[in-house]
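Student: Chains P and B are the protein sequences, given in the same order. Going by the working numbering, the first sequence opens with residue 1, and the numbers climb by one from there. Going by the working numbering, the second sequence opens with residue 340, and the numbers climb by one from there. We treat Cβ as the ideally placed atom computed from N, Cα and C, and that holds for glycine. Attaching a single structure in C-alpha cells format; questions to follow.
Number of protein chains: 2
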Amino acid sequence: MEGILAERRNDNDKFFLFVVDNYFKGKELERRLPASSADVVRFIDVDPHEPTTEQIDTLRDEVLASRGLPAGVIGIGGGSIMDIAKAVSLMFTNEGSSVLYQGLNLIKKPGIYHLGVPTISGTGAEVSMTAVLTGPVKKLGLKCDWTVFNQVILDPELIASVPVDKWLYTGMDTYIHCIESENGTLNNAYSHAYAEQSLKLCREIYLGENSGQTPDNDDKLMVASMMGGLSLTYSEVGVCHALSYGLSKILGEKHCYANCLAFQHLEDYYGEGVAELKQMLKTHKVELPQGLSKNWSDETITAMAEVAYNLPHMWNHAIGADWKEKITIDTIKELYKRM
Amino acid sequence: MEGILAERRNDNDKFFLFVVDNYFKGKELERRLPASSADVVRFIDVDPHEPTTEQIDTLRDEVLASRGLPAGVIGIGGGSIMDIAKAVSLMFTNEGSSVLYQGLNLIKKPGIYHLGVPTISGTGAEVSMTAVLTGPVKKLGLKCDWTVFNQVILDPELIASVPVDKWLYTGMDTYIHCIESENGTLNNAYSHAYAEQSLKLCREIYLGENSGQTPDNDDKLMVASMMGGLSLTYSEVGVCHALSYGLSKILGEKHCYANCLAFQHLEDYYGEGVAELKQMLKTHKVELPQGLSKNWSDETITAMAEVAYNLPHMWNHAIGADWKEKITIDTIKELYKRM
C-alpha cells in the first residue's frame, strides 16, 4: 500500500485522510497503518448507526477547514467504512450537503482519489458504484461512475478475525445480492455470470463439510463479495433491499442484519433462495429473531413501508414495469408484519 | 459511445484516433462509427501478421507528425486491434521504439485515454494488462497497469457475424487461458473463481445441445472472454502460450489458431483440458491439421523452441520455480515435433 500511496502523496494539500473502523484502534492493524505524521487518521465507530449524510458533511468540512484538500481518502473497514470513504471522496469536490446528491448521477465532479481496503466481506461496497447514506428524508446512495474506488486492496488476512455472526450476516448480504440480481428484469449475461459464481462460492463457504471460517473460505468470501457487488452493479437489487432500507431508516437496523430479517420472509418472491439461506444460518447455528412486528406500531410499519415503496428502481427490477399494479403500501406492510 | 467520447473530445489536440479492423470497411459498422471529420480513422488489416512493434511505432509517428496528440484511441476489432489500440495509446507518451518497452513495467508514463470495443471475443485482450507485440527479437507484451483500457464497451451484437472457425479458435483461446491459469503455481482464489465461471460458460457455448452461435451464446462468450482475461491477468498463462508464441514469431501463425495447434498435443500437462477441447472442435466439425512438423526443418524447430524457452514467467507458473531442471530446449523441440 505504501508504494501506491507514495505516487499520490504530493497531490492537492499533500496529506491522506484515513477512515478506519474503530474496531482496529489499539490493534495490530493500527500500528501497520502506512500513515505519515502529515496524514489525518480518523477511527470511526460504525456500530451506533449506518453512515449518514450529516456525518459525511461534517467530516468533509472539518478536514477542509483544518488541513485542506487531501491527496486521497483510504477506507479500511467493512461496508460502512467503504461507503464513508467513497462518499467523502466525492463530497470534497462537490459543494453543499451530500443530501443534494442522493440518487443516480447527481454528483457533478469527480471526487478525489480513494482506495478501499475491506476488512470484512459481503456488502460488495468495495466494488459497487454507490455509497449508501441515510439522510433526513431518504436512505439512498450517491451513485455514479466516480463513486467507484480508484483502487482496492483485497487481503484475506484482514477478514480472518471477523466474529461469526458478522461473518454470516455480511456473507448473506452477498448471497442476497446475487439472488436479487438474478431474479428481475435487469438480469443479463454479465450480472448472471457473476451471480452464478458468487453463489457457488457462498455455498462452498457456508454449506457443507468444508464450510466455516477457514483461510481458504476467507479467500473465497473476498471474491464472492466482489462478484456479488459486480453482479448487482450491472443489474439491481430487489424486494429484500427495499424492505431492509425501511428497517434501517426507521429502526436503525444495520444493513446486513436487516437484510436477513427481511429475506427470511420473502418465500413468495425468492422461494429457493429463502430455503437455502435458512439452511446456511442453521449450519452455523445462528437464529434470527421472530415476532418482532408485534412490538411495532402501525405508524412505524407504515413509515417503513413508505421508505420501501419509494425505491422504484428496486421494485421495477424485481416485479417489472407494472409493479405499481402489484405492489402497494399495504402489500409491503403485510411483509413487515411477517417479521 | 458518442456520449463517452464527447467528454474527452477537447483533450490534447482535440481529435480521436480510431483503429478499426479492416473487415468492417464498407460494412454497416463503418457508417455507424461515431467519428467526426476531425478524427483519424485507420482501417487495419490484421490478417497478414500479428501486431508488430514497427507497426505501432509507424502509426504513432505518422499521427503525431500529421495531426499531433490525440484525445484518445478507440480500438474496434478483435484481439489484434485491442493490442494495437492499447500499445499505441502508451507509445504516444513514451519516447522511442516500442521495442524498448516489451516486458513487465518498462513503460514510464501513463498513455492517453483508450477505449476498447471488441467485435470478436476470446483473447481477453479487452481486459488484460498486456498489449502483445512481435518485435525483431521477441514476441512479448507491453505489460503494466496503464496498458489496461480506460473503458470497454461490450456489445454482443458486434460479434454475431464472426465466421465459425474464428469463433471457435478465439473461444478456444479463452478456454486455454482458463486451463493454463488454473494449472500453475500462481493460481489463487481470484483467478480460480474467474476461470471456473469462464470454463462453465465455454462448455455452455461450445458443448451440448445449446451450443453454437446463438444470441445467448454471443452474450456468454463476451463474458467468458472477459473472465478468462481477468483470470490470467491475476495468474499467468503456461506451456501452450509459450509454444504458441514460437509458432507465431517464427512461422507467423495467428495467436488463437497457434494455441489450438499446440494445445492438442499437451496431454502431458493439461490432460482433461486437451480431451475437452478436442470434444469442442469435434462438436463444431473443425479439424486441426496434423503432421505439420514433417515440413519444418530442425533449424525452424530449434528457433521456435528458443522463443518458447525464453518466456520464463510462463514456465515458472506452469512447471514451478525449478522448471529449468524439467524443461530443456530439447523437451520443447519434442513438443513441436508432435504437431
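#1: If you reduce the DSSP assignment to three classes, tell me which class A258 (chain P) lands in.
#2: For the stretch 267-274 of chain P against the stretch 200-210 of chain P, are there 3 or more C-beta pairs whose distance is under 8 Å?
#3: Where in the stretch 134-196 of chain P do unbroken runs of the alpha helix (DSSP H), each at least 4 residues long, occur, reported from the N-terminal end onward?
#4: Output, in chain order, the set of chain B residues within a Cβ distance shorter than 9 Å of D155 (chain P).
#5: In the DSSP assignment, what residue or residues form a beta bridge with H114 (chain P)?
#6: Along chain B, in chain order, which residues have C-beta atoms closer than 7 Å to that of M129 (chain P)?
#7: Select from B:A424, B:G547, B:Y573 the residue whose C-alpha is nearest the C-alpha of V621 (chain B).
#8: Leaving aside the five residues before and after A258 (chain P) along the sequence, list all residues of the same chain whose C-beta is less than 7 Å from its C-beta, in chain order.
#9: So is D173 (chain P) in contact with chain B if we call contact Cβ pairs under 7 Å?
#10: At least one CB of chain B closer than 7 Å to the CB of V307 (chain P): is that the case?
#11: With distances taken from CA atoms, which of P:R60, P:L158, P:K109 is nearest T342 (chain P)?
#12: For R349 (chain P), which beta-bridge partners are listed by DSSP?
#13: Taking a contact to mean a Cβ-Cβ separation below 7 Å, would you say G122 (chain P) touches D83 (chain P) in this structure?
#14: Listed from N- to C-terminal order along the chain, which residues in the stretch 513-542 of chain B have their beta-carbon within a distance smaller than 9 Å of any beta-carbon of chain P?
#15: L90 (chain P): buried (16+ other C-beta within 10 angstroms of its C-beta) or exposed?
#16: Any Cβ of chain P within less than 7 Å of the Cβ of V456 (chain B)?
#17: Given a threshold of 16 other Cβ atoms within 10 Å of its Cβ, counted over all protein chains shown, does G79 (chain P) qualify as buried or as exposed?
#18: Per DSSP, which one or two residues make a beta bridge with A308 (chain P)?
#19: Considering only residues of the same chain and omitting the five flanking positions on each side of W315 (chain P), which have a CB-CB separation below 7 Å?
#20: G474 (chain B): which of B:N549, B:A528, B:T391, B:Q536 sits nearest, CA to CA?
#21: Give the interface partners of K220 (chain P) over in chain B, defined as CB-CB distance under 8 Å, in chain order.
#22: So which residues of chain C does M340 (chain B) contact, with C-beta pairs closer than 9 Å?
#23: Mind checking V402 (chain B): buried by the 16 CB within 10 Å criterion, or exposed?
#24: Just reading off the alpha helix (DSSP H) that W635 (chain B) is part of, what are its end residues?
#25: Against V562 (chain B), what residues of chain P qualify as contacts under a CB-to-CB distance less than 7 Å, listed in chain order?
#26: Going by C-alpha to C-alpha distance, which of B:K617, B:L605, B:V576, B:L616 sits closest to P651 (chain B)?
#27: Which of the three DSSP states is assigned to V132 (chain P) in this structure?
#28: Buried or exposed: which applies to D340 (chain P), given that a residue is buried once 16 or more other Cβ atoms fall within 10 Å of its Cβ?
#29: Could you pull the DSSP bridge partners for T458 (chain B) from this structure?
#30: Check for me: the alpha helix (DSSP H) holding I56 (chain P) runs from which residue to which?
#31: Report the rounded CA-to-CA distance for L199 (chain P) versus A563 (chain B), giving the unit in angstroms.
#32: Measure the alpha-carbon distance for A189 (chain P) versus K559 (chain B) and round it to whole angstroms.
#33: Between which two residues does the alpha helix (DSSP H) carrying D557 (chain B) extend?
#34: Quick one: give me the first and last residue of the alpha helix (DSSP H) that Y269 (chain P) is part of.
#35: Return the first residue and the last residue of the alpha helix (DSSP H) that I668 (chain B) is part of.
Tutor: Walking through what the data contain:
#1: helix
#2: no
#3: List check, alpha helix (DSSP H) in window: 164-182.
#4: Ordered by position in chain B, no residue passes the 9 Å Cβ test against D155 (chain P), which lies about 12 Å from the chain.
#5: P:V73
#6: The contacting residues do not exist; M129 (chain P) stays about 14 Å from chain B at best.
#7: First, the amino acid is wrong: residue 621 (chain B) is Lys here, not Val. It is B:G547 whose Cα lies nearest to the Cα of K621 (chain B).
#8: S244, L247, S248
#9: no
#10: no
#11: In the structure as shown, chain P starts at 1 and stops at 339, and residue 342 (chain P) therefore has no counterpart that could be examined.
#12: Coverage of chain P is limited to positions 1 through 339, which leaves residue 349 (chain P) absent and any answer about it impossible.
#13: Cβ atoms of G122 (chain P) and D83 (chain P): not closer than 7 Å.
#14: N527, A528, Y529, H531, A532, Y533, E535, Q536, S537, K539, L540
#15: buried
#16: no
#17: Buried, because 16 or more other Cβ atoms sit within 10 Å of the Cβ of G79 (chain P).
#18: Its beta-bridge partners do not exist; DSSP assigns none.
#19: A242, W323, I327
#20: The residue with the shortest Cα to Cα distance from G474 (chain B) is B:T391.
#21: A528, A532
#22: Note that chain C does not occur in the displayed structure, where the protein chains are P and B.
#23: When all chains shown are included, V402 (chain B) counts as buried.
#24: First-last for W635 (chain B): undefined, no H or E at that position.
#25: A189, Y190, A193
#26: B:V576
#27: strand
#28: The structure shown has nothing for residue 340 (chain P), since chain P only spans 1 to 339.
#29: DSSP lists no partner for T458 (chain B).
#30: 53-66
#31: 17 Å
#32: 6 Å
#33: 554-572
#34: 267-283
#35: 668-676
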